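Have a look at the structure below, then the notes.
Protein chains: 2
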Amino acid sequence: MQSLKVLGLGVGAAALLGLGIILGHFAIPKGSNQPDPQDLDLEILETVMRQLDASRMREDLRELSREPHLSSSPRDEALVQLLLQRWRDPVSGLDAAEAPQYEVLLSFPSQEQPNLVEVVGPTGDILHTCRQREEDLTGEQGGPDVVPPYAAYGPPGTPQGLLVYANQGTEEDFKELQIRGIKLEGTIALTRYGGAGRGAKAVNAAKHGVAGVLVYTDPADINDGLSLPNETFPNSWHLPPSGVERGSYYEYFGDPLTPYLPAKPSSFRLDLTNVSGFPPIPTQPIGFQDAKDLLCNLNGTSALATWQGALGCDYKLGPGFRADGDFSADSQVKVSVYNRLELRNSSNVLGIIRGAVEPDRYVLYGNHRDSWVHGAVDPSSGTAVLLEVSRVLGTLLKKGTWRPRRSLVLASWGAEEFGLIGSTEFTEEFFSKLQERTVAYINVDISVFANATLRVQGTPPVQSVVFSATKEIRSPGTGDLSIYDNWIQYFNRSSPVYGIVPSLGSLGAGSDYAPFIHFLGISSMDIAYTYDRSKTSARIYPTYHTAFDTFDYVDKFLDPGFSSHQAVARTAGSVLLRLSDSFFLPLNVSDYSETLRSFLQAAQQDLGALLEQHGISLGPLVTAVEKFEAAAEALGQHISALQKGSPDTLQVRMLNDQLMLLERSFLNPRAFPEERYYSHVLWAPRTGSTVTFPGLANACSTAKDTDPGSEAWAEVQRQLSIVVAALEGAAATLRPVADL
Amino acid sequence: MQSLKVLGLGVGAAALLGLGIILGHFAIPKGSNQPDPQDLDLEILETVMRQLDASRMREDLRELSREPHLSSSPRDEALVQLLLQRWRDPVSGLDAAEAPQYEVLLSFPSQEQPNLVEVVGPTGDILHTCRQREEDLTGEQGGPDVVPPYAAYGPPGTPQGLLVYANQGTEEDFKELQIRGIKLEGTIALTRYGGAGRGAKAVNAAKHGVAGVLVYTDPADINDGLSLPNETFPNSWHLPPSGVERGSYYEYFGDPLTPYLPAKPSSFRLDLTNVSGFPPIPTQPIGFQDAKDLLCNLNGTSALATWQGALGCDYKLGPGFRADGDFSADSQVKVSVYNRLELRNSSNVLGIIRGAVEPDRYVLYGNHRDSWVHGAVDPSSGTAVLLEVSRVLGTLLKKGTWRPRRSLVLASWGAEEFGLIGSTEFTEEFFSKLQERTVAYINVDISVFANATLRVQGTPPVQSVVFSATKEIRSPGTGDLSIYDNWIQYFNRSSPVYGIVPSLGSLGAGSDYAPFIHFLGISSMDIAYTYDRSKTSARIYPTYHTAFDTFDYVDKFLDPGFSSHQAVARTAGSVLLRLSDSFFLPLNVSDYSETLRSFLQAAQQDLGALLEQHGISLGPLVTAVEKFEAAAEALGQHISALQKGSPDTLQVRMLNDQLMLLERSFLNPRAFPEERYYSHVLWAPRTGSTVTFPGLANACSTAKDTDPGSEAWAEVQRQLSIVVAALEGAAATLRPVADL
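Here the protein sequences line up with chains A and B, keeping their order.
Just so you know, our numbering puts the end of the first sequence at 1035, numbered straight through with nothing missing.
Just so you know, our numbering puts the end of the second sequence at 1035, numbered straight through with nothing missing.
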């Protein structure tokens, strides 16, 4: 569009100036030398930074979090319409926007039969009933759309048994109870959040015959020990005694019935009997007020010091209640779960700004839309940032003053809270196209956990662009410090290449970036503002997944003035523009060399001796890492040379393809047959503490107690060959494109 | 290089003509209009066609087939050096050439203990011994490097039992024997080539307790019935009585010990006990002269008419020999196999001509180098073509008169005869790079089966470029007919789009194209000259895989004058140049619409009713096919518009990427867990006669005899969803790149 207009001008000019111009136009070969290819425009960048408006994000957040918007609820669909309207706005919208739906399996508590946790006396009388909903402290917790606390995908059932305390419900925790001689068969296990994943607590418990699981949040883990009403929300940012963390207890991600296939109405769906990853036994989360009533009345020996919390009593292990407590000694706990699985339509909202020069290269930026209750922080703080970034870019677009070099795709994902479902189905539906064309994926879920510092998770190639962006943006509330200079004070590491730099975290499966990095192999990042860890030990912001995660909570406690929202919007916006508009793609693939070298050193130090004992040499891995380092080094010199010269668009396109596609070369769909979607041989889930190649580490920990020549040791060798082949393939991607 | 020189001129001109020129140069946007991008040069094409020299191919073939060059033998390695020398020649060589090696598992007969097939009388006396080597008819069959006939990967063993005749050794054949009440347990089954794959004969036999398998070539199947010495080579092209077809009896392809991993010395290797795909029982091929001695003495009832052959007797089924024959009634057949598995180094030879404009786009052209014996036809007739094409292109390159737009990669694969091993390991080692950058793969294995007509196998996108090329080349020995006009007389079909056109065959796994199309999803083709089917019913050229496949055989009988070699060289060369040099990639992806529509119609006709009975609708498949057709149609119009205008290089690059990557979008590595390497959902192996989507067809044939609600019916639905998702993904690849 734009280029055509300019061409029009050019032709007009040519007509006026005659022969010389025509000569000039044709005598100088096109494509072979481009004095001014469309590149990042610093004025546009500056304008975008300036126009990202904190007060608009505040107003958007107020609207987004006005009502609960649980996945596939009427309000969730209303927000779909809000996003479509914004992205189709003639003055500040995008080129196009759509809201495709998937038919996915969700889990909800029954409205007729609320889930129930009771203490039942020996004669069957009910001695205590836990709260079924949170206390209505701000007038927002009582509404009909506030879903009662529950464990999504937890099976229905009404187990009853003696109560035991199982700490965090890890495998070690249950082993400890076993060692202590505590009979777990048929018991109800009370566990606290943290340590193990939600679903893992029930899986571990069931292995020991436990009949039901309760989960609560201990004030020691979330409130820095505080638990009194006057110390908690609405009087502070802390979690009130009745607050309950909801969540998905499904162990994988994506729609449970359609793994690897988009959940279209006509798609093949697994029979429920063939679905794996759901908790095996009924599970229910409760607040710490109720947990205290149960835990502080337990019988038995004292739990380890590390198992104690801040409920103001000595945590005993059980089984059952003590005689001199509130309940008679042989009272039991009954957990009544009536959750139901339902096929629901969930929408993604997709918007696009078409690239002017390379429309077939995509920069993706997304966040989920669905919440558990009002979700002011999770996810609306991120959605407010998404809306503001799209408003500012859309306005420049509609004015005709800017169009990105590459295409921008903005996404509001559905059903993330149930297991990254909307984003995963999207990657399944457009697998080839996305894998071939996507430059990077930017995720901003919760944009502000707290207002102390930036926190970024991502793969090595995105480090440099995040650094460049954050060095140019002023950090809120810290005078003249840049976001970068503030960040480095909170998270830093010593890089052999750069010295002290901010440290990026690695990407797990905590938000919608997971299918992009693990399944598609697209360089990804997650951006947020977060805590000063010296000021709080809270596991996460205290009202996470509760009915107290409201607009006032953000406005009063997390980010008064919304300057942290603005900082995240500027960071995401700047990274987005640099990726979409830079002539040379700002992905520094050579930063992978540092990661590979550190993975290698860790493997040599922690696994080398064990492997040697079994006649397995790390030599080929050393060689592969060296080949990668050499190829990355040489490519770096090639880039500098190109940048000094005047490369044509095709030369840079070819280079950019190498940079874009490097991450893909680490994929092997056959590397981890047990791990759904995980194909990236460097970032798959890793057991054990050694930060190294996950397949190798996991295989070693399985093999180490088996005989030489076992299948487990063969798997170690297979995993070693898989990572060597991946690194050699990656090096081949970086070498000169016409090398054999 | 070239473009820089021109730039120099341009800048000089600019300096001379001053302001106007500078204005002209800068006012008119660069990249938006390119009067003459590097495109296919018809003069160069004409020169190449003219210079491809029949007599040089004759001389090269003489040298290539002078000695036996079994995979990894000294002579095979000598030919590696010959190829390296040619491709590194300063006057006619390529930019670079290399010969990387893999360490692969091959199978050879023992030199100390030759394999043996004997008739053993009741008292243990040897009544008959089959030939252990072919008769030395031309002085070329007696040499020490002539590997005796054997079944590669057939296990060692010395089974002995009554002989039965099992026709082609298909499942149906053994069922038929069972129905006839013939006890198969412990027998030796005599089978003839054809019908089932080599390895399948032993697999089927073992299921019925057969102890050993013999395989021979019936004169009815290979010699149009002729079998007398004076009717066969060296007196005609027919197979002599002592000729034996060797071959690999391995059921998969690629190195058996390193599936999905390149067979580097350090790579993980399967334990032999975990290797699948080898024949389960000892197997040995014999000549029809020996087969006659065995078959014509069999006892029992007559075989079906369709089981009869041309050995000049009534084929009986056995078991055992008849009393009034050459052997006593209760004589048995003893098969002694002493084959050994060996890890050997096998080389690929790779050569490259670097692209001038898009060096990161590869056109691959290859053939295997290893033979069973002298291999004049298989593979040297193809290698001679490869050498001549590379000589002509290399000469233009070294003269500086030509460099392709894209990179050309030429390959001489090793160990193809053992199961496409060299090419498969190459695709495993460079998976990502090849998948991202390869435009197409051209295979010319046996270049001349016979000299009647062209025969091409390939996927739909290559049809158009093969048509364009062959319309411009004169067909040998047919006056003024083009290769196309001659071809259409032998193989044709009625296309709803084009009317009567030559018909391309589809790609199985018969040569090195298999890993490229099935594993990498690269558009591929196989080119050869072949028979007039009205003149012979030979299964393949009669001396296939025997010691009679020699230079004189080609020179006297298959292609005197080598005009068919020249026709194939011109066809391959023209296709190669069109793919490497055309500004617009000559891959007509819309030709897939016709294939998908015909697959759909076949599914509706042959499977529709059955599916409906089980409540499975083909509706979503219909929709997916329609979406593909619409997207392909629209893309076609976009291409025409671009070609009429003056598109810049980037616009065409983006379009070409869509064309190149379409084939990839049909891949699903999880579609066929049982089928090693097969990921292309349209071309995976298909059981049954319906030419349709293989996954769907195979699942239906498994499910049709099972209960509704069986796992087999669930698999039908899964396969349907897999193909629907693939077609939807393919359509998304063809739609405008910035569509949502």
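The beta-carbon is built from N, C-alpha and C at its ideal position, and this holds for glycine as well.
These figures come from a predicted structure and were not determined experimentally.
Hey, quick one: how far does the beta strand (DSSP E) through residue i stretch, first residue to last?
i: Asn530 of chain A; result: Taken as a continuous stretch (DSSP letters only), Asn530 of chain A belongs to no beta strand (DSSP E), as it is neither H nor E.
i: Trp708 of chain A; result: Arg701 to Trp708
i: Asn781 of chain B; result: Run containing Asn781 of chain B: none in the beta strand (DSSP E); it sits in the alpha helix (DSSP H), Ile778 to Tyr785.
When burial is assigned at 16 or more other CB atoms within 10 Å of the CB, is residue i buried or exposed?
i: Ala558 of chain B; result: buried
i: Lys766 of chain A; result: exposed
i: Gly695 of chain A; result: exposed
i: Arg700 of chain A; result: buried
i: Pro324 of chain B; result: Residue placement at Pro324 of chain B is flagged as unreliable, the pLDDT there being 40, under the threshold of 50; a coordinate-derived value is accordingly withheld.
With 7 Å set as the bound, which would you pick, yes or no: does the beta-carbon of residue i sit closer than that to a beta-carbon of chain B?
i: Phe622 of chain A; result: no
i: Ala719 of chain A; result: Inspection of the sequence shows that residue 719 of chain A is occupied by Thr rather than by Ala. So, not an interface residue.
i: Met949 of chain A; result: yes
i: Leu1035 of chain A; result: yes
i: Gly520 of chain A; result: no
i: Glu731 of chain A; result: yes
i: Arg701 of chain A; result: no
Mind checking if residue i is an interface residue toward chain A, Cβ cutoff 7 Å exclusive?
i: Ala1020 of chain B; result: yes
i: Phe814 of chain B; result: no
i: Lys728 of chain B; result: yes
i: Thr944 of chain B; result: yes
i: Arg959 of chain B; result: yes
i: Gln758 of chain B; result: no
Per DSSP, what kind of secondary structure is residue i in: helix, strand or coil?
i: Lys629 of chain A; result: strand
i: Ile421 of chain B; result: strand
i: Tyr1092 of chain B; result: Residue 1092 of chain B cannot be examined here, being either before or after the span of chain B that is shown, 296 to 1035.
i: Gln899 of chain A; result: helix
i: Leu479 of chain A; result: coil
i: Leu645 of chain B; result: strand
i: Glu637 of chain A; result: strand
i: Ala966 of chain B; result: coil
i: Pro980 of chain A; result: coil
i: Asp334 of chain B; result: coil
i: Glu653 of chain B; result: strand
i: Asn993 of chain A; result: helix
i: Pro915 of chain A; result: helix
i: Pro797 of chain A; result: strand
i: Tyr544 of chain B; result: coil
i: Ala904 of chain A; result: helix
i: Lys496 of chain B; result: helix
Following the continuous alpha helix (DSSP H) through residue i, name the residue where it begins and the one where it ends.
i: Ile517 of chain B; result: Pro514 to Ile517
i: Ser759 of chain B; result: Gln758 to Lys766
i: Asp371 of chain A; result: Pro369 to Trp382
| task | Return the residues of the stretch 556-568 of chain A that lie within a Cβ-Cβ distance of less than 9 Å from chain B, sorted by chain order. | result | Taking 9 Å as the Cβ-Cβ cut-off, the stretch 556-568 of chain A approaches chain B at Leu556, Pro557, Lys559, Pro560, Ser561, Ser562, Phe563, Arg564, Leu565 and Asp566, given in chain order.
| request: Can you give me, in chain order, the residues of the stretch 870-890 of chain B that have a beta carbon less than 9 Å from any beta carbon in chain A? | output: Residues passing the 9 Å Cβ filter: none.
| field | Chain-ordered residues of the stretch 902-917 of chain B with a beta carbon less than 8 Å from chain A | value | Listed in chain order, the positions of the stretch 902-917 of chain B with a beta carbon within less than 8 Å of a beta carbon of chain A are Ser912, Gly914 and Pro915.
| field | Interface residues of the stretch 655-675 of chain A facing chain B [CB-CB below 7 Å] | value | Legend: CB atoms of the stretch 655-675 of chain A lying less than 7 Å from CB atoms of chain B belong to residues Asp655.
| said: Please list, in chain order, the residues of the stretch 567-586 of chain A that have any C-beta partner in chain B closer than 9 Å. | reply: Residues are counted here when their Cβ sits less than 9 Å from a Cβ of chain B; for the stretch 567-586 of chain A these are Asn569, given in chain order.
| message | Closer than 7 Å between beta carbons: that is the criterion. Which residues of the stretch 631-650 of chain B meet it against chain A? | response | If the cut-off is 7 Å between Cβ atoms, the stretch 631-650 of chain B has Leu645, Ile647, Arg649 and Gly650 near chain A.
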